[in-house]
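Residue numbers (full-length UniProt numbering): 1 to 276.
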């Protein structure tokens, strides 16, 4: 899923730009949006759902004739984007949230421009926007990937009718190794080389008898303890081929893909090539 954030002061045309991009992107894929509403409450007082929520429910789902709305506690931009990805969105457009690390389109000027991270394009106002150029920028961004998104992708493969099993592997950051406590891991990869190698592994594994599809994704950057590092999804006709291929995929990613791991521990930092 490709992600972009639209930021700027009020009346700069953020909502107008989000609407234009949504209309254009929806011609080629599914679009989800996120609206930053820090000073609003989406679930109004004196409604049944607000009473459920205020009584202690962690999540409330409302069904109307035309809508399906879920309200959850502990708001978080990453959680919101994960939800969009899990539901098979191809694009996510965030309106607001200037303090995130997301790639951003800045409309106009902001007082703290120098402190805003990852501004990939800045324009005076919405009247100066070339939406085709903005869409090119969106499509060039790194993919936001979740395990559910990959499973949905393989299920949309026309060859899925040949499948009898889907197996997945999720590698996570281990916090305790022997007596060493890991604070975080930092992954660096030669983007094109690493992705080309991952694609090569996927293609070669798909040639094995009984294998219908293989998808692999490895994160880069900083990953905290308990968070996901790598996803592997294998679709096979039978479980025997599935487990053999899933195991082979794991080992090949560990040994063949040029990704380096920096262990940041309470005892010090060091780089290793084994990133399992």
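Glycine included, each C-beta is placed from N, C-alpha and C at the ideal position.
> Just the Cα atoms here: how many angstroms apart are residue 99 and residue 236?
Replying inline: Within the chain shown, the letter at position 99 stands for residue 99. Within the chain shown, the letter at position 236 stands for residue 236. Take the alpha-carbon of residue 99 and the one of residue 236: they are about 43 Å apart.
> For the segment 261-270 against the segment 166-186, are there 3 or more C-beta pairs whose distance is under 8 Å?
Replying inline: By the Cβ rule, the segment 261-270 counts as touching the segment 166-186, because three or more pairs are nearer than 8 Å.
> Are residue 93 and residue 4 touching if we call contact CB-CB under 7 Å?
Replying inline: For the purposes of this step, residue 93 is identified with residue 93 of the chain shown, where counting begins at 1. For the purposes of this step, residue 4 is identified with residue 4 of the chain shown, where counting begins at 1. Yes, they are a contact pair.
> Between the Cα of residue 171 and the Cα atoms of 185, 85 and 140, which residue gives the shortest distance?
Replying inline: The sequence position of residue 171 within the chain shown is 171, counting from 1. From the listed residues 185, 85 and 140, the smallest Cα separation to residue 171 is found for 185.
> So what does DSSP say about residue 275, is it helix, strand or coil?
Replying inline: Indexing the chain shown from 1 puts residue 275 at position 275. Because residue 275 carries a pLDDT of 41, less than 50, the predicted location of this residue cannot be relied on, and the following value inherits that uncertainty. Look at residue 275 here: in three-state DSSP terms it is coil, with no helix or strand label.
> Does the Cβ of residue 239 have 16 or more other Cβ atoms within 10 Å, making it buried, or fewer, making it exposed?
Replying inline: Locating residue 239 in the chain shown gives position 239, where the first residue counts as 1. With fewer than 16 other Cβ atoms within 10 Å, it is exposed.
> How many angstroms separate the CA atom of residue 276 from the CA atom of residue 149?
Replying inline: Position 276 of the chain shown, counted from the first residue, corresponds to residue 276. Position 149 of the chain shown, counted from the first residue, corresponds to residue 149. Confidence at residue 276 is low in this model, with a pLDDT of 44, below 50, so the placement of that residue should be treated as unreliable; the coordinate-derived value is given next. Linking residue 276 to residue 149 through their CA atoms gives a straight-line distance of about 22 Å.
> Are there three or more Cβ pairs, one per stretch, closer than 8 Å when the segment 30-38 is compared with the segment 80-93?
Replying inline: The segment 30-38, when compared against the segment 80-93, does touch it at the 8 Å Cβ threshold.
> For residue 37, is the classification buried or exposed, using 16 other Cβ atoms within 10 angstroms of its Cβ as the cut-off for buried?
Replying inline: By 1-based counting over the chain shown, the position of residue 37 is 37. Exposed, because fewer than 16 other Cβ atoms sit within 10 Å of the Cβ of residue 37.
>> Let me check one thing: in DSSP terms, what residues is residue 62 bridge-paired to?
In response: For the purposes of this step, residue 62 is taken as residue 62 along the chain shown, with counting starting at 1. DSSP lists 69 as partners of residue 62.
> In its own chain, which residues sit with a C-beta less than 6 Å from the C-beta of residue 224, not counting the 5 before and 5 after it?
Replying inline: In the chain shown, the residue the question calls residue 224 occupies position 224. The residues 184, in chain order, have a CB closer than 6 Å to that of residue 224 in the same chain once the five nearest residues on each side in sequence are set aside.
> Rounded C-beta distance between residue 232 and residue 168? I'm assuming under 8 Å.
Replying inline: Taking the chain shown and counting its residues from 1, one reaches residue 232 at position 232. Taking the chain shown and counting its residues from 1, one reaches residue 168 at position 168. Going by Cβ atoms, the distance from residue 232 to residue 168 rounds to 7 Å, so yes, they are a contact pair.
>> Within a Cβ cutoff of 8 Å, which residues of the same chain sit near residue 39, ignoring the five residues on either side of it in sequence?
In response: As a first step, residue 39 must be located in the chain shown, where it is residue number 39. In its own chain, leaving out the 5 sequence neighbours on each side, no residue places its CB closer than 8 Å to the CB of residue 39.
>> Looking at the secondary structure, which residues open and close the alpha helix (DSSP H) in which residue 16 lies?
In response: Looking up residue 16 in the chain shown gives position 16. Element bounds for residue 16: 14-25.
> In the structure shown, what three-state DSSP assignment does residue 178 receive?
Replying inline: Within the chain shown, residue 178 is the residue found at index 178, counting from 1. Coil, per DSSP.
>> By the three-class DSSP mapping on this structure, what secondary structure does residue 143 have?
In response: By one-based count along the chain shown, residue 143 stands at place 143. Residue 143 sits in a strand when the DSSP states are folded into three classes.
>> Tell me which residues share the same chain as residue 256 and place their Cβ nearer than 7 Å to its Cβ, disregarding the 5 neighbours each side in the sequence.
In response: As a working mapping, residue 256 is identified with position 256 in the chain shown. Sequence-distant Cβ neighbours of residue 256 in its own chain, meaning closer than 7 Å and more than five residues away, are 197 and 201.
>> Judging by CA-CA distance, which residue of 252, 251, 272 and 107 is the nearest neighbour of residue 345?
In response: For residue 345 there is no data in the structure shown, the boundaries of the chain being 1 and 276.
> In terms of residue numbering, what span does the alpha helix (DSSP H) encompassing residue 255 cover?
Replying inline: Sequence index remark: in the chain shown, residue 255 carries index 255 (1-based). Run containing residue 255: 239-256, per the alpha helix (DSSP H) assignment.
> Leaving out the 5 sequence neighbours to the left and right, which residues in its chain are closer than 6 Å to residue 19 when beta-carbon positions are compared?
Replying inline: For this step, residue 19 is matched to residue 19 along the chain shown. Only residues of its own chain outside the window of five on either side were considered, and among them none has a CB closer than 6 Å to the CB of residue 19.
>> Rounding to the nearest angstrom, what Cα-Cα distance links residue 173 and residue 206 in this structure?
In response: To locate residue 173, count along the chain shown from 1; it is residue 173. To locate residue 206, count along the chain shown from 1; it is residue 206. Rounded to the nearest angstrom, the two C-alpha atoms are 28 Å apart.
> DSSP three-state call for residue 101: helix, strand or coil?
Replying inline: In the chain shown, counting from the first residue as 1, residue 101 sits at position 101. Judged by DSSP in its simplified three-state form, residue 101 adopts coil rather than helix or strand.
> Pick from 87, 228, 252 and 107: whose alpha carbon is nearest that of residue 12?
Replying inline: In the chain shown, the residue the question calls residue 12 occupies position 12. Residue 12 has its Cα closest to that of 107, out of 87, 228, 252 and 107.
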